[in-house]
Amino acid sequence: MIENVTDITKDQLLGEVQKMKYDGYRFVTATCIDNGDETLDVYYHFDKDYELKNFKLKLQRNEEISSISKIYLCSVLVENEMSELFGVKVSGMAIDYGGHMLLADDSPDNPMARNQIVIEQKGAK
Amino acid sequence: MSNTVIPFGPQHPVLPEPLHLKLVMQDETVLEAIPAIGYVHRGLEKLTETKEFTQNVFVVERICGICSFMHAQAYCQGIEELMNIQVPDRARYLRVIWAELHRIHSHLLWLGLLADAFGFESLFMQVWRNREKVMDIMEETAGSRVIISANTIGGTRRDISPEMLVKITVIVEEIREDLKQVESVFFNDYTVKHRLVGVGVLTRDVAYELGAVGPMARASGIKTDHRTTGYAAYGELDFEPVVENDGDCYARTVVRLKEVYQSISLIKQAIAKIPAGETSVPVKGFPNGEVISRVEQPRGEVLYYMRGNGTKNLERLRVRTPTFANIPTLLKMLPGSQLADVPVLILTVDPCISCTER
Amino acid sequence: MGIIDKARKKSPWIIHYDCTSCNGCDIETLACLTPLYDVERFGIINVGNPKHADVLVVTGSVNKRNVRVLKNLYNQMPDPKAVVAVGACACTGGIFSDCYNVYGGVNKVLPVDVYVPGCCPRPEAIIDGIVQAMDKLEGKARNMKHAASGKQPEAALQASTGNNNDGANT
Chain A
81 MIENVTDITK DQLLGEVQKM KYDGYRFVTA TCIDNGDETL DVYYHFDKDY ELKNFKLKLQ
141 RNEEISSISK IYLCSVLVEN EMSELFGVKV SGMAIDYGGH MLLADDSPDN PMARNQIVIE
201 QKGAK
Chain B
110 MSNTVIPFGP QHPVLPEPLH LKLVMQDETV LEAIPAIGYV HRGLEKLTET KEFTQNVFVV
170 ERICGICSFM HAQAYCQGIE ELMNIQVPDR ARYLRVIWAE LHRIHSHLLW LGLLADAFGF
230 ESLFMQVWRN REKVMDIMEE TAGSRVIISA NTIGGTRRDI SPEMLVKITV IVEEIREDLK
290 QVESVFFNDY TVKHRLVGVG VLTRDVAYEL GAVGPMARAS GIKTDHRTTG YAAYGELDFE
350 PVVENDGDCY ARTVVRLKEV YQSISLIKQA IAKIPAGETS VPVKGFPNGE VISRVEQPRG
410 EVLYYMRGNG TKNLERLRVR TPTFANIPTL LKMLPGSQLA DVPVLILTVD PCISCTER
Chain C
212 MGIIDKARKK SPWIIHYDCT SCNGCDIETL ACLTPLYDVE RFGIINVGNP KHADVLVVTG
272 SVNKRNVRVL KNLYNQMPDP KAVVAVGACA CTGGIFSDCY NVYGGVNKVL PVDVYVPGCC
332 PRPEAIIDGI VQAMDKLEGK ARNMKHAASG KQPEAALQAS TGNNNDGANT
């Protein structure tokens, strides 16, 4: 079990993140999980004195969320990663790599999303 | 005057790894730096979904060869928490010993590369010669020099014999003596200080805001070290995080060098206290639920998020590595610096690109 | 033996490129340069410029972005040149061969002369691989000379492969 999880909606996101910044929390990272049923979970992890505080956001596939990089600049890398690997649309990122931060031109699109099979099972039985 | 854009990397003599930077220059001064990564991206998080959760130990070890033991440790501790496995005491101490050996080898490696970056070749060679002693211990205890694969879910796969523990105590003492000799060069030499003091200053507030972790944060006066939370056997050992306040390249060097001494002390304490007994417990069942596991690596805190669904495969494994958190500091440190200082500045982050991109 | 031939035989210069290695093989390659293993006793020097290099040492598997960089480096190297694949990933793709962003071993892209297996290979194995690449370089140089003078290079080929049978690393 993960402690300190708060469910939020995407309208609350910026307000909650701003509050964390005001309270002196460090942005650790965000985690995106594809549930396989056209929904995605996005966790935002914050840390203060070794205590994690997590926000859980439930999204439909292709839903757009706003970037928190205006508040925490260091979130640009993880937001770019989310949009590349999972196809989450993130608007207003401080640095937008345009889908080429990790992936090359001929890499598969959104390889972590579950709507496509990208890994060939070698020797699958 | 018009600006020049200089591509830095991906193949660059000072970087063992491919990192690409676009440097916007005016004369000799950097105006803007945009890191471009992706040369080492493999898609490892996807790979872990197709492997069994016991096999994943070997996959996460290969996220990064330098801190491979701590990657496996973070993964195993997470799964153990998820499955309610009590690790034997001896295994907890063995994990501390191997983890601190890895920290010594990583920090010595970094000190050597830093010396190479500011052009002090003989210092580089000297530090790496000292480092070989740690590699010999790894080989003697685990059979391999770099990726030692000693962790498994439920404990460790190997034991260290009492004679070997005595030998390790002797060798780490030798390493301390060797390090004393190079320490004065790093701390007092005029040319070394000239390249490091006052270069790339990162104040406490900026470092905290950018989410810096590990030695980067500690050199800027942030007292953070995840080992103080007492995972493995760290709760029973006596140590204090090394903190410096200047936030420049010199402070980061001091932090890492002093951490080698700290690791030596931790290894000796652990060897003195290690209990006898089993090194692993059998694992039954499959992981179910979500867990976050955090471990202090040589470069800083690593975060593992795992979600199991009661089958042999994990539904999701997510790794936030320390360099991933430290790369944004480059965006603040590089603008305003001289072109000749760029290699040193990049190295003081201790970048591990294969960690960052997975 | 002219000065160029002698230099190539007695002092091959290597360039090291890290494709998607986990750093394990990189630090072992670097460890070869440092005092305990010290490849400079064979005249081997690590250079940063591909136009100076005779041997390309590649660690890690080839992925979809660095394939261009790797080909660039190879094409910039002057002939004769040899490629050494260091580590399981460079040989076959290793544990990462199933990943979506990985093509596989270096031989998918470049002609590899020497394979050094292991995860990670020991520095001795890497040195042995580079020394074997030196023999291949000599053979290639001889072939080039014969091609220029129009003779058949069979004798040269035999000479270059003759002493490669002993090691486990070819």
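Protein chains in written order, with my numbering: chain A, 81 to 205; chain B, 110 to 467; chain C, 212 to 381.
Cβ coordinates follow ideal geometry from the N, Cα and C atoms, glycine included.
All of these numbers come straight from a predicted model, not from anything done at the bench.
For residue i, count the other beta carbons within 10 Å of its own beta carbon; 16 or more makes it buried, fewer makes it exposed. Which is it?
i         : result
A/Lys-205 : At A/Lys-205, the pLDDT of 40 sits below 50, so the modelled position is not reliable; the number obtained from the coordinates is stated separately. Under this definition A/Lys-205 is an exposed residue.
A/Ser-171 : exposed
C/Ala-366 : Only weak support is given to the placement of C/Ala-366: the predicted model assigns it a pLDDT of 49, under 50, and the value that follows is read from those uncertain coordinates. Label assigned to C/Ala-366: exposed.
B/Gln-120 : buried
C/Arg-162 : Given a span of 212 to 381 for chain C in the structure shown, any question on residue 162 of chain C remains unanswerable.
B/His-214 : buried
B/Thr-300 : exposed
B/Ala-385 : exposed
B/His-216 : buried
A/Phe-107 : buried
C/Ile-215 : exposed
C/Gln-369 : Residue placement at C/Gln-369 is poorly supported in this model, since its pLDDT is 49, which falls under 50; the coordinates still yield a value, given next. Exposed, because fewer than 16 other Cβ atoms sit within 10 Å of the Cβ of C/Gln-369.
B/Arg-467 : buried
B/Val-169 : buried
C/Pro-289 : exposed
B/Tyr-413 : buried
B/Phe-296 : exposed
May I ask which residues mark the beginning and end of the alpha helix (DSSP H) holding residue i?
i         : result
B/Phe-178 : 177–192
B/Val-275 : 271–297
B/Val-392 : No alpha helix (DSSP H) holds B/Val-392; DSSP gives it neither H nor E.
C/Ala-358 : 334–360
A/Ser-163 : 156–165
A/Met-100 : 93–102
B/Thr-420 : Here B/Thr-420 belongs to no alpha helix (DSSP H), and DSSP marks it neither H nor E.
B/Leu-319 : Counting along the chain, B/Leu-319 falls outside any alpha helix (DSSP H), and DSSP gives it neither H nor E.
B/Pro-452 : 451–457
A/Leu-153 : Looking at the DSSP string, A/Leu-153 is not in any alpha helix (DSSP H), and its letter there is neither H nor E.
Along chain C, which residues have their Cβ under 9 Å away from the Cβ of residue i?
i         : result
A/Ala-184 : Asn-274, Lys-275, Arg-276, Asn-277, Val-278, Arg-279 and Asn-312
B/Glu-241 : Ala-242, Thr-245, Pro-246, Leu-247 and Tyr-248
A/Ser-187 : Asn-274, Lys-275, Arg-276, Tyr-311 and Asn-312
B/Cys-185 : Result: empty, since nearest Cβ-Cβ is about 18 Å, beyond 9 Å.
Which stretch, first to last residue, makes up the beta strand (DSSP E) that contains residue i?
i         : result
A/Asp-87  : 85–88
A/Asp-114 : 106–114
B/Leu-132 : 129–135
B/Pro-144 : 138–145
B/Glu-424 : 423–429
B/Ser-329 : Note, B/Ser-329: premise wrong, no beta strand (DSSP E); not H, not E.
Counting only Cβ pairs nearer than 7 Å, list the residues of chain B close to residue i.
i         : result
A/Ile-113 : Arg-416 and Arg-425
A/Met-181 : Ile-146 and Gly-147
A/Leu-153 : Leu-319 and Pro-437
A/Met-162 : Those do not exist, as A/Met-162 stays about 11 Å from chain B at its closest Cβ, beyond 7 Å.
Output, in chain order, the set of chain C residues within a Cβ distance shorter than 8 Å of residue i.
i         : result
B/Val-411 : The contacting residues do not exist; B/Val-411 stays about 15 Å from chain C at best.
B/Pro-119 : Asn-277 and Val-280
Since residue i meets chain A, which of its residues come closer than 8 Å, beta carbon to beta carbon?
i         : result
B/Ile-436 : Leu-157
B/Glu-466 : Leu-182
Closer than 8 Å by beta-carbon distance: list the chain B residues that pair up with residue i, in chain order.
i         : result
A/Tyr-124 : Simply none; closest approach about 12 Å.
A/Met-173 : Those do not exist, as A/Met-173 stays about 13 Å from chain B at its closest Cβ, beyond 8 Å.
Taking Cβ-Cβ distances shorter than 7 Å, what residues in chain A pair up with residue i?
i         : result
B/Arg-67  : Chain B is shown from 110 up to 467; residue 67 of chain B falls before or after that span and cannot be answered.
B/Ile-401 : Ile-82 and Leu-132
In chain C, which residues lie less than 7 Å from residue i when you measure between Cβ atoms?
i         : result
B/Arg-171 : Cys-233 and Ile-306
B/Val-98  : Residue 98 of chain B lies beyond the stretch modelled for chain B, which goes from 110 to 467, so this question has no answer here.
B/Pro-407 : Those within 7 Å of B/Pro-407 in chain C number zero; the least Cβ separation is about 12 Å.
Point to revise | Interface positions of the segment 307–319 of chain B facing chain A (Cβ-Cβ less than 8 Å), listed along the chain | key: Against chain A - using a Cβ distance shorter than 8 Å - the residues of the segment 307–319 of chain B are Tyr-317, Glu-318 and Leu-319.
Exercise for review: Output, in sequence order along the chain, the residues in the segment 237–249 of chain C whose CB is closer than 8 Å to any CB in chain B.
Suggested key: Asp-237, Ile-238, Glu-239, Leu-241, Ala-242, Thr-245, Pro-246 and Leu-247
Check your understanding: Taking Cβ-Cβ distances below 8 Å as the criterion, which residues of the segment 154–165 of chain B are in contact with chain C?
Key -> Result list: Lys-155, Leu-156 and Thr-159.
Practice item. Give, in chain order, every residue of the segment 221–234 of chain C whose Cβ lies closer than 7 Å to some Cβ of chain B. Key: Tyr-228, Asp-229, Thr-231, Ser-232, Cys-233 and Asn-234
Check your understanding: Which residues, taken in chain order from the segment 321–348 of chain C, show a beta carbon closer than 7 Å to some beta carbon of chain B?
Key -> Cys-330, Cys-331 and Arg-333
Point to revise | Minimum length 4: unbroken alpha helix (DSSP H) runs contained in the segment 225–261 of chain B | key: 230–251
Exercise for review: Return the residues of the segment 213–238 of chain B that lie within a Cβ-Cβ distance of less than 7 Å from chain C, sorted by chain order.
Suggested key: Leu-218, Met-234, Trp-237 and Arg-238
Point to revise | Chain-ordered residues of the segment 284–314 of chain C with a beta carbon less than 7 Å from chain B | key: Leu-284, Ile-306, Phe-307, Asp-309, Cys-310, Tyr-311, Asn-312 and Val-313
Review point. Residues in the segment 126–137 of chain B with C-beta within 8 Å of chain C's C-beta atoms, listed in sequence order?
Key: Glu-126 and Pro-127
Review point. Given a limit of 7 Å on CB to CB distance, which residues of the segment 96–113 of chain A reach chain B?
Key: Flagged, chain order: Arg-106, Phe-107, Val-108, Thr-109, Thr-111 and Ile-113.
Practice item. Quick one: which residues of the segment 445–464 of chain B get their C-beta closer than 8 Å to a C-beta of chain C? List them in chain order. Key: Cys-461 and Ser-463
**Study point:** Contact residues within the segment 281–302 of chain B, judged by C-beta distance below 8 Å to chain A
**Key:** Residues of the segment 281–302 of chain B whose Cβ lies closer than 8 Å to any Cβ of chain A: none.
Exercise for review: Identify each residue in the segment 253–284 of chain B for which the Cβ-Cβ distance to at least one residue of chain C is less than 8 Å, and report them in chain order.
Suggested key: Ser-253, Arg-254, Val-255 and Ile-256
Practice item. For the segment 340–411 of chain B, list the alpha helix (DSSP H) runs that are entirely contained and at least 4 residues long, ordered along the chain. Key: 358–382
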